[in-house]
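Comments concern the structure below.
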Amino acid sequence: MKVPLSWLREFCPTDLDAEDLAERLNVAGVHVEKILRPWAGLSGVIVARVKGKRPHPKSEKLTLATLETGNGEAYIAAGVANWEPGDLVPYAPPGSRVPVLDVPLGVKRMGGEESQGMICSPHELGISADHGGILILPTDLAPGADVAVALGLDDVVLDVEVEPNRPDLMSVLGVAREASAATGTKLVALDPVLDEIAETAPSAATVEVVDLQRCPRYLARVVRGAGDASSPLRVQARLTAAGMRPVSAVVDATNYVMLELGQPMHPFDLDQLDGNAIVVRRASQGERLETLDGVERVLDAEDLVIADRSVAVGIAGVMGSARAEVSPATTDVLLESAYFERKGILFTARRLHLSTEASMRFERGADPEGVGLAADRAISLMTEWAGGAPLLGSLEVGEAPPRARVSARPSRVSKYLGLTIGAGDIRQAFDRLGISTEEVHDDEVVVEAPGYRPDLRIEEDVVEEVARLLGYDSLPSTIPRIPQAGGVAPTYAFRRRVRDALVRAGLRETLSLPFVSTDEVHLAGDDPQHAVRLLNPVEGDRPYLRTSLLPGLLRALQVNQTHRVESAALYEVGHVFALGADGVRETERAAAAMMGPVSSGHPGDRHPADFFDGSGALGATLEVLGVRVWRLGEPGGWPFHPGRSAVIRIGDDEAGVIGELHPRAAEHLELPGRVTAFELDAETVSRHVSQDISVEDVPRFPPAVRDLAFVVDETVPAAEVAAAIRGAGTLVYAAELFDVFSGSPLPTGKKNLAYTVEFRTDRTLTNEEVDEAVAAIAASVRERVAGEFRAG
Amino acid sequence: MDAANARRTLEDEERRGLAEIGSAADLTTLEAAETSLFGRKSAFQEVQRSLGSLGDDERREIGRRTNEVRDGLRRAIAARREALEADRERQLLDADRVDVTLPGRRPRPGSLHPLTIVEYEIVEIFTSMGYRVVEGPEVETEYYNFDALNIPPEHPARRVSDSIYLDVAGHADLLLRTETSAMQIRTMEKQRPPVYVIAPGRVYRNEDVTAKNMPVFHQVEGLAVDEGITFADLKGTLEAFYQALLGDRRVRFTPSFFPFVEPGLSAGALCFVCDGTGCPTCGFEGWFEMMGAGMVHPNVLRGVGYDPERYTGFAFGGGYDRLAMARFNIPDIRMLWEGDVRFLGRFEAAR
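Here the protein sequences line up with chains A and B, keeping their order. Note that our numbering gives residue 803 to position 750 of the first sequence, counting from 1, and the numbers run on in steps of one. Note that our numbering gives residue 215 to position 201 of the second sequence, counting from 1, and the numbers run on in steps of one.
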C-alpha cells in the first residue's frame, strides 16, 4: 500500500518526517518497506500565464509562446498547442528539473527560435500518464508560484507491506490509525457533509440481493446531474503516487475513497441499468461477460455477479463490465458500496486470474461497517468535483455482522509475555488504537473488535496487540532452562560422518538443483516411468525430481569444463526421489564424480584420473566410515563403462555403483577424458558401519615378510587372488599387491601378480613355519583361482 | 734384523706412513696404505718379528718405539679416515641436494560446502543450548506443510504460483515442503512436551533462478514447547543465538505475521554490507531479514493434542543461504549451486 504522507497527515496530523514515522511504524509491526519520493526530480517549475501565441516561422509542428512568469517574460517553443493566451501553464525555466528528464532544462534553439525551457504536460510533471497536451492549471493560481507546492507535488510516499491478516492497512486511514497509536497523535474523524435533494434514492432505483451469504451487505447511493469533469490536480497527483490512474471525476472519487478508507466501490450509469435495478446473484453456469479490460469471461455458478433486470453488469468485487459503465455522457450515477464475503471473491479472482485493487481488498476482508461512510465520502467528493446532487438516503440490503468480543485474561497475557500486565495495560493499548474495551473483572478484559480488524479473534491476538504497542524492544529477555542434553538425530550424525569421510578422501562438496530432465533421468540409468513428476516445474525442461545425484554432479563437471577448469573431484549428499507404493519414496544418497588430471602439485607427479582414483576415494571413504568388508561386483550398467564399473557390495547388500562413464555418455555430455563417479545409498551403508574400535589384536611381534608371485588367467580378478592368499591360513596377516605384469615372456592370456605377504602370530615365527604357510598359500591359490606359484 | 736396522726401519716407516696417510685422497688408498704399513709382509711386522732376537735392553727400547710409531700411525689413519668419511658423506649429501622450494606433494584437498559450514555453526550453537536436531522428508503433504500449521486453503502460499506440487497419481496433496515448519508438527506428533528441537534442511518455492533467488534454499526451524514458555524466552533465545553467530552485530525484533504463530516477529540484523545505511543487499532498508518467529499458535498446539492452557511454546525459522552469502561475500546465489571448484576451494580453510 502506497500512502502519500500528506494524505496520512489529514487523518493523523503528526509532525514527524517520513523516516521517523516509518521507524515508529516498523517498531509497531507496520512494515514500511520503502520511502518513495516520486517528485524528487521536480524543482523550479513555476506557474506562468500565456501572453502571446504565434506560429513558428519555420516549423509546422511547433508553436511559439510568450509567457508571463511573474518576474518578467519568457519565450518557448512547444510541440502541442492546446493552450491559449490567458491560460495558466506549468513553466519549466532553464535550470529547473522535471521527473521525466535526467538533466536540468536549458535554453535551446528550436528551428532557429530560442526556447527558454519548456511548458509541461501532466506526464512530464508526474501527475498522471497523460501527455496528450500541456497541463492547463486552475485559474486561482498566480504566475510565479511554485507548481510543486501549489499541486502537492512535493509529497513523500510510504510504501507499506500489507500482511494478509491486516486488510485494514490497505488504506490511508488504516495506516493513519497505526500512526496515531504509534505516535500518540489523535486521529481526525471524517464527517462528510452531503447536500441531499428531496428525491429519494429508493424512488430512483432498486437493489435486490439474492445471495446474502456471499453479499451480506449492499448499499447504493444515487447522484443526479453529474457532469463530465476531471478531478482536481492534487487528487490526480495523489492517485498517481498511490499507484492508480486518474480517469474522471466520478471514477476518481470512488478510487480515491477506496485508497483512503479501504472500501472498494463501483459507479454505474443509472440510465444503463435495465429497470434501474441492481440484482446481486450467482452467475449462471457458462454466463458470459466482457470485463472492463476487454476480456470476455466465462463464469460459473460459484461466481457472484452484479446484474440489472436482464444481464450481469459486473463481477462482484472484482471488475465491472463495459455495460452500465460510467462515461462522459453519464449524468446519473448509482454508486455501489458493498461488503462481499472474502473467500468467494478470492476463488473467483483466482479462477479468472483477475486480481484488481477491489478484489485484493475484498479477498483479504473489507470492513462491513464501513460501507456507509465510504459511500457518503465518495458521493460528497463526486458531487464536489463533477457536480450533481445526491438523492436522499440510500438503498440498503443486509447489515454488518455483530462485532467479535474477544476476552483476554491479564494473567494469561502476563504468562505469555513473561511480564506482568494488568487489565489497565491492556485497555490502554487498545485505547491508543481507538478500539473499545470493557473490564469485566480483575482478570478479564473484553475487546470489541471493529469491522476493519478481522484479525482480532482470540486471546493470543490480544497478546500480540499489547506486545507490539509496548514495543518488542521493551519486553524482557530470558532463556528457558532446557531439561535435556542437546544432540542430533542418528541420520544427521551419520551424514556428518559421510561428509567428513568424503572430504578426507579429497572431494569437494557441492549442491545441485534437484530438478532433472527426461534425458537426465535416462542418464542416471533410470526409467522416467518411475520418476516423480512435478505438477508445476520451475524449469520447464526439468519436470522430474532427481532419481540420482549423478546428473547434478555431471552438470557441475560441465560447469567446470566450461570455465576451463580441467580437474574437479566433487561430491554431494542429498535426497533422491522415486515413485513408491506410498506415493513417493525419498532416500538419501552420497555421490562423487571426478575428471581431469590428478596431481599432487609436485612436478611430474600427475596422472589422468581413471577408475582407480574413484575406487581409491570410495575405499578411503568406506574405511573412514568403519565399513570393514566391502567388494566390487559385476559391471554397473548404464551410464557406466561395461569394463570399468562395478556394483558396490557391502555384505549381502547392494550399496551403490562405481565406474567410469561409458564413452558415449561422456561424449554426450561433452566431457573429455575419463570421468569416474560413484553413488552410495546412505541408509544401506549406515547399516554396515561399525564404530567399535579395539586395539586387542594389534601385533606385538615383528612379522615375517615374503614376496610371492602367481601366474593366473587375465580374467581372474586380483581381489580373488588376494582372497585366496588371505584364506590360506591363520598366519597370513596382510597381503599387498605390488606388481601386475602381463606380456612376454608370459603366455598370452596370463598375468603375473606379485604380493608382499606379512605373516604374524603372537610370537616370532621360525623359517620352517613360514615355509609351510607359503606352501599353503600356493595350494590355496592353485585350488581357488588355478594360479601357478612362481616365486617366493 | 739388528737393532740399528730396526731403528732405521721404524723411522723410515713412520715417515713413509705419515706421508702416505696424509696424501691418501680416498678411503681405498688409505686402506692400501694401512695394509702396506701393518700387513703381514710389512716392514713393521718384520721389526716385530725381529724383537725376539734382540737383547733385553734393545728389545725394550725397540719394542717401545715400535708401539709409539704404530700408535701414532694408527691415530693418523683414524683421523684421516674420519676426514675422508666426512668428505664422502658431504659429497653424497651434496649430490642428493634438492630445491626445497619445489611444490610439495599434497593429498587431494577436500572441502565442505559453505552452506554446510554455516549449518554446522548453527547446529552447534543450538545443540550446546540443549536442542536436539530432528529431520524429515522434503516431500510433504499439504496437511503437514499447511493445514496443521493453521495455513488456510485459500492462503496465497498454497497457490501453484508459490509452491511446487508433485504430479503423483492418487496423491494430489504432495508438494515439496515450503518451509521446515512441517517438522514442528511431525515432532509434536511423536513426543510429549518438553520439546526443544531444531530442524535444518532444504525447502522449495516456485521461484525462478536469478542472482538473488533460487527455487531451493535452506532453513533451520526451531521449536520449544514446555510449561511456562514465554515470549521473553523466545527473545532471549534468539538474542543468545545471534550473539553466538554474529557477535555484537545489532539484531532487532519487529512484529510480524505468520499464521502458525501469535504473536509473531521478524528478526533482522543490521545489514552486513552497508551497516544500516541502505544498499541493494538489504533492499535499502538497512536491516537484513534473518528469520520469522513467534509464539506457537494455540490452533497448532491443539491440532497435535497439546493443551494450550497448560503448554506454551515458541517457534522460529530462518534461511541461511543469504546468511552464508553475507558471511563469505558471495555476490550471486547461483554460485552456491554451480560446483565450480575455484569457488568451492575457497572453503578448505573453514573448520
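Just so it is clear, CB atoms sit at the ideal spot from N, CA and C, and this is done for glycine as well.
Asked	Found
Terminal residues of the beta strand (DSSP E) in which R334/A lies	A330 to R335
Nearest residue (CA-CA) to G423/A, options P596/A, R813/A, P220/A and V728/A	P220/A
Start-end ranges of the alpha helix (DSSP H) lying completely within the stretch 472-525 of chain A, minimum 4 residues	476-485 and 512-523
Assigned secondary structure, V133/A (DSSP; H/G/I helix, E/B strand, else coil)	coil
The stretch 377-394 of chain A in contact with the stretch 317-332 of chain A per 3-pair CB rule at 8 angstroms	yes
Per-residue burial, G31/B [other beta carbons within 10 Å of its own, 16 or more giving buried]	buried
C-alpha distance - V516/A paired with V209/B, whole-angstrom precision	23 angstroms
Interface residues of the stretch 543-560 of chain A facing chain B [CB-CB below 7 angstroms]	T544, Y545, R552, L555, V556, R557, A558, G559 and L560
Environment of D579/A [buried if 16+ CB atoms lie within 10 Å]	buried
C-beta neighbour in chain A for F274/B, strict 8 angstroms	no
Sequence-distant residues of the same chain with beta carbon closer than 7 angstroms to G875/A, five excluded per side	In the structure displayed, chain A extends from 54 to 845; residue 875/A sits before or after that span and is not available.
C-beta neighbour in chain A for G342/B, strict 8 angstroms	The residue you asked about is not Gly; residue 342/B is Phe in the sequence shown. Not closer than 8 angstroms to any Cβ of chain A, the Cβ of F342/B fails to qualify, so no.
Cross-chain neighbours of V153/B in chain A, by beta carbon under 7 angstroms	F630, V637 and E639
Backbone secondary structure at S833/A - three-state DSSP	helix
Below-8 angstroms beta-carbon distance, V80/A vs any chain B residue	yes
Reduced DSSP category for Y218/B - H, G, I as helix; E, B as strand; rest coil	strand
Same chain, Cβ closer than 8 angstroms to E268/B, neighbours up to 5 away in sequence not counted	Inspection of the sequence shows that residue 268/B is occupied by Thr rather than by Glu. Excluding residues within five positions, the ones whose Cβ falls inside 8 angstroms are L279, S280 and G282.
Option nearest S256/A by Cα separation, candidates L448/A, Y545/A and F763/A	L448/A
For E214/A and N159/B, the rounded distance between their alpha carbons	24 angstroms
Alpha-carbon to alpha-carbon, G331/B and A290/A	41 angstroms
Expected contact under 8 angstroms - CB spacing of F231/B and G333/B to nearest Å	5 angstroms
Partner residues on chain B for R521/A, Cβ-Cβ distance less than 8 angstroms	P269 and P277
N-terminal and C-terminal residue of the alpha helix (DSSP H) that A363/B is part of	From DSSP, A363/B is part of no alpha helix (DSSP H); its letter is neither H nor E.
For W903/A, the three-state DSSP class (helix, strand or coil)	Nothing can be reported for residue 903/A, as the shown portion of chain A is limited to 54 through 845.
Contact check, V738/A vs A708/A, beta carbons under 8 angstroms	yes
For P312/B, the three-state DSSP class (helix, strand or coil)	helix
Contact residues within the stretch 220-233 of chain B, judged by C-beta distance below 8 angstroms to chain E	Reference to chain E is not applicable here, since the protein chains of this structure are A and B.
Contacts that G290/B makes with chain A (C-beta to C-beta distance below 7 angstroms)	Chain A residues near G290/B: none, gap ~12 angstroms exceeds 7 angstroms.
When R104/B, G144/B, P214/B and E299/B are compared against A238/B, the one with the closest alpha-carbon	G144/B
In chain order, each alpha helix (DSSP H) run of at least 4 residues that lies wholly inside the stretch 179-215 of chain A	200-204
Contacts that R119/B makes with chain A (C-beta to C-beta distance below 9 angstroms)	S653, G654, H655 and D658
Same chain, Cβ closer than 8 angstroms to D187/B, neighbours up to 5 away in sequence not counted	T155, E156 and Y157
Check whether T409/A and V371/A have beta carbons under 8 angstroms apart	yes
Beta carbon proximity, Y179/B to chain A, threshold 8 angstroms	yes
Pairwise C-alpha distance: W301/B and G353/B	30 angstroms
Sequence-distant residues of its chain with Cβ nearer than 7 angstroms to G704/A (five each side left out)	V682 and H741
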